[in-house]
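Residue numbers in the sequence shown follow the working numbering, run continuously in steps of one, and reach 287 at the last position.
Right, one structure below, let's go through it.
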Amino acid sequence: MPIFTSYDGTELAYHVRGEGEPLVCLPGGAMRASAYLGDLGGLTAGRRLVLLDLRGTGDSRVPADESTYRVDHQVADVEALRLHLGLERTDVLAHSAGGNLALLYAAAHPDRVRRLALITPTCWAVGLDSTPEERLEVVRGRAGGEPYDAAIAAYEQILGVLAAGGTPTPADWSRTMPLAYGHWNEEVRAHIEASGREKNLAAGAAFAGPGAFDPPATRAALRHLAGEVLVLAGELDSNPTAALAAELAGLFARGVADVQPGGAHFPWLDDPRWFAARVERFLAAGA
């Protein structure tokens, strides 16, 4: 397990899987250890995955200053990793909340990103979000059996709490988790159960804290990104929806959106072969 030292002296770990051109992988969660990414559907067949454990997660150390969990501070961690790897430019893959870290990194270092694959990303960094009605339309399309009917009811309840100005609990969100997967089996159950062990909840709460984002400035900076960008949504995922993924791709000079059929929020688990082939095609040939 390689370790490097970031800008503030925090020792960060990363895990290397596969052979080939390096692909820096930023996990979501927010603030979940990179182990949940696995081999990303078999991308290791042609890529050397560099799976970063964000500070305070997995095998990385807890920082002395826990305010540095805020995502904008972690941009320097990604740059420190690039320098440690000795890469002039790098391909980056980011999942879910990690998409915000990738967006901020690309905005701060547009000349260091060759190709950027955003996998079912949230888009807080650029001020984009889908409406509750748009999300419900996708979610309700899963109705017709368990565990989805119960998860839909839980999701509707959460939206009611949010509309009333409340804050859903982690237990509330856990009841919606079947909706994050395109199918339901023992592998999915294990993936969900591992989440509780792999997340740093305190770090996750600070990740998108006040001051983390300046969407107008980030949008303006991303216009200078010469590298190509793939925004991959899942057909069954409510965040981002396919429409939101297309809107995000439109912010880039060389961006493209695609939708994985039958995919949800963890699309490499839903159809590993489709996922790996699509991402590898982008990394090899561009948008």
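Built from N, CA and C at the ideal position, the CB exists for glycine as well.
In this text the structure is predicted, and so the values were computed from the model without any measurement.
Short Cβ contact (9 Å threshold) for residue i with residue j
i: A108; j: S6; result: no
i: L236; j: L179; result: yes
i: P121; j: A264; result: no
i: G286; j: A30; result: no
i: A94; j: L118; result: yes
i: S238; j: L104; result: no
i: R47; j: E228; result: no
i: G41; j: L269; result: yes
i: V126; j: R219; result: yes
i: R112; j: E133; result: no
i: R43; j: Y14; result: The sequence as given places Leu at residue 43; Arg does not occur at that position. No.
i: G9; j: A45; result: no
i: G56; j: N200; result: yes
i: C25; j: L49; result: yes
i: G128; j: L232; result: Reading off the sequence, residue 128 comes out as Leu, not Gly. Contact: no.
i: H183; j: G262; result: yes
i: R142; j: L230; result: no
i: A253; j: L225; result: yes
i: A194; j: Y69; result: no
i: S34; j: G58; result: yes
i: V92; j: A102; result: yes
i: T176; j: A151; result: yes
Alpha helix (DSSP H) segment containing residue i, residue limits
i: T218; result: P215 to L222
i: R135; result: P132 to R140
i: W173; result: P170 to S174
i: G196; result: E186 to E198
i: D39; result: Run containing D39: none; DSSP gives neither H nor E here.
i: L301; result: Residue 301 is absent from the structure shown; the chain starts at 1 and stops at 287.
i: A245; result: A242 to A249
Per DSSP, cross-strand counterpart(s) of residue i
i: V259; result: A233
i: A117; result: L93 and L230
i: F4; result: L12
Residue i (DSSP reduced to helix, strand or coil)
i: D91; result: strand
i: R32; result: strand
i: L49; result: strand
i: Y14; result: strand
i: F275; result: helix
i: R112; result: helix
i: E228; result: strand
i: A143; result: coil
i: F207; result: helix
i: F266; result: coil
i: V62; result: coil
i: L128; result: coil
i: P178; result: helix
i: T167; result: coil
i: L104; result: helix
i: T57; result: coil
i: A212; result: coil
i: A253; result: coil
i: G286; result: coil
i: T122; result: coil
i: S67; result: helix
Status (buried if at least 16 other CB within 10 Å, exposed otherwise) for residue i
i: V62; result: exposed
i: L162; result: exposed
i: S67; result: exposed
i: E187; result: exposed
i: N185; result: exposed
i: W173; result: exposed
i: L83; result: exposed
i: D149; result: exposed
i: E11; result: exposed
i: R223; result: exposed
i: E198; result: buried
i: T90; result: buried
i: G211; result: exposed
i: T131; result: exposed
i: R278; result: buried
The beta strand (DSSP E) enclosing residue i, as first and last residue numbers
i: V24; result: E21 to L26
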